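**Q**
Residue numbers (full-length UniProt numbering): 1 to 51.
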């Protein structure tokens, strides 16, 4: 996953967080030995910290 974007009118509803959680769960299920890394823009750091 490279970038997560949510239309302005749908932001702050947890949509991006749910997309990321689902992707992480899929990655862990399909390949349990794979590490997941995040390189985030400063503005998005709180989103990733909250996960």
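Built from N, CA and C at the ideal position, the CB exists for glycine as well. From a predicted model like this one, the values you see are computed outputs, not experimental measurements.
Determine, using beta carbons only, whether residue 23 and residue 47 come nearer to each other than 8 Å.
**A** Their beta carbons are not under 8 Å apart, which means residue 23 does not touch residue 47 by this criterion.
**Q** Would DSSP call residue 45 helix, strand or coil?
**A** The answer is helix: DSSP assigns residue 45 an H, G or I state.
**Q** Roughly how far, in whole angstroms, is the beta-carbon of residue 40 from the beta-carbon of residue 34, given that I think they are within contact range, below 8 Å?
**A** Actually they are not in contact, since the Cβ atoms of residue 40 and residue 34 sit about 19 Å apart, beyond 8 Å.
**Q** If I measure Cβ to Cβ from residue 6 and keep anything under 7 Å in the same chain, skipping five residues before and after, which residues do I get?
**A** So the list reads 15, 16, once near-sequence residues are dropped.
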